[in-house]
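The structure appears right after this line, and notes come after that.
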Amino acid sequence: MTTATQAILDSARKRGDRTLSEYDSKRILAAYGVPISREKLVSTAKEARDAARKIGYPVVLKACSADEAHKTEKGLIAVNLSSQKDLNEAFATLSKRAGKNYQGAYLVQEMVKGAREIMIGMHRDPSFGPSILFGLGGIFTEILQDVVFRVAPLKKRDATDMMRSIRGHKILDEVRGMPAVDKEMLANALLAVSKIALDHPDIAEIDINPLIISGKKPIAVDGLVVLTATGETKG
Numbered sequence: 000m001t002t003a004t005q006a007i008l009d010s011a012r013k014r015g016d017r018t019l020s021e022y023d024s025k026r027i028l029a030a031y032g033v034p035i036s037r038e039k040l041v042s043t044a045k046e047a048r049d050a051a052r053k054i055g056y057p058v059v060l061k062a063c064s065a066d067e068a069h070k071t072e073k074g075l076i077a078v079n080l081s082s083q084k085d086l087n088e089a090f091a092t093l094s095k096r097a098g099k100n101y102q103g104a105y106l107v108q109e110m111v112k113g114a115r116e117i118m119i120g121m122h123r124d125p126s127f128g129p130s131i132l133f134g135l136g137g138i139f140t141e142i143l144q145d146v147v148f149r150v151a152p153l154k155k156r157d158a159t160d161m162m163r164s165i166r167g168h169k170i171l172d173e174v175r176g177m178p179a180v181d182k183e184m185l186a187n188a189l190l191a192v193s194k195i196a197l198d199h200p201d202i203a204e205i206d207i208n209p210l211i212i213s214g215k216k217p218i219a220v221d222g223l224v225v226l227t228a229t230g231e232t233k234g
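Just so we're aligned: 214 in numbering that gives the first Met the number 0 is position 215 of the sequence shown, and the numbers increase by one with no gaps anywhere.
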């Protein structure tokens with residue numbers, strides 16, 4: 000268990016939040032070793048420009064709030080911004096869509112490119128406890144529904160078996176000029192989610208989707224952590 004993670008969860012409880020922002024969710028993932036995209040939380044267009052210069056174009060701009068779990072559907076994400084002009088225009092557009100009562104911040108994120116998308120998640124079942132899932136991610140999540148589940152705690156062989164068990168497992172191999180995925184990193188990400196679930200029984204769900212394969216490296220470009228109801232803990 001990490002002190003930083005517990006502090007994030009305690010702060011969310013004090014605010015009465017059940018859902019963590021993407022930024023806070025990914026801070027928890029990173030604390031356990033899940034590779035995440037380079038990013039910076041900002042409040043103003045100037046801060047966004049400064050962050051983009053440090054990260055390097057192209058970048059992604061997202062509204063970032065515990066109340067905005069479905070950013071894509073609400074048009075609160077702008078991708079592949081290749082210049083300061085693009086970023087300024089996107090910031091103005093997202094600010095308008097978020098509305099004048101929007102209390103959240105914005106996330107400037109590196110534009111991670113890769114043709115393969117994976118998902119990792121956790122759901123705390125009332126009978127079995129935390130169940131870890133692995134499968135194809137991105138737009139294929141609901142279309143193909145190619146996922147497998149294992150009950151935590153996971154061991155290394157469990158993580159390896161999960162990667163082999165999806166129907167589309169060959170997507171992890173060398174294919175169409177793309178290198179084989181670093182399965183060690185992917186296995187460690189699965190083990191990390193299992194560890195988070197065991198360390199923090201007040202976390203009800205974890206959703207990492209997509210985990211983009213950039214070259215051979217898996218990188219979480221989105222993440223969501225949902226807490227149990229106040230005072231409720233499950234197995």
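Glycine included, each C-beta is placed from N, C-alpha and C at the ideal position.
Consult DSSP for S193 and reduce its assignment to one of helix, strand or coil.
helix
Please confirm whether L40 and L106 have their CB atoms less than 9 Å apart.
yes
Can you have a look at Q108 and say buried or exposed, based on whether 16 or more other CB atoms are within 10 angstroms of its CB?
buried
Determine the DSSP secondary structure at A91, reduced to helix, strand or coil.
helix
At the level of alpha carbons, what is the spacing between I142 and M118?
13 Å
Do the region 184-198 and the region 122-134 touch if we need at least three Cβ pairs shorter than 8 Å?
yes
Answer yes or no: do I211 and V111 have a C-beta to C-beta separation smaller than 9 Å?
yes
For a test of the three-state rule: what should DSSP assign to E204, helix, strand or coil?
strand
Quick check: what's the CA-CA separation for L223 versus S24?
5 Å
Near R48, which residues of its chain fall below 8 Å by C-beta distance, leaving aside the five closest residues on each side in sequence?
Q83, L86, N87
Just list the residues that DSSP pairs L40 with in beta bridges.
L106
Closer than 8 Å by C-beta to K182: which residues in its own chain qualify, once you throw out the five before and the five after it? Chain order, please.
T159, M162, L171
Once the 5 residues before and after P178 are set aside, which same chain residues still bring their CB inside 8 Å of it?
G214, K215
Spell out the partners DSSP gives G134 in its beta bridges.
M118, V146
Starting from L8, trace the alpha helix (DSSP H) both ways and give me its first and last residue.
2-14
Quick one: give me the first and last residue of the alpha helix (DSSP H) that A158 is part of.
155-164
Distance check for D221 and E21, CA to CA, integer angstroms please.
7 Å
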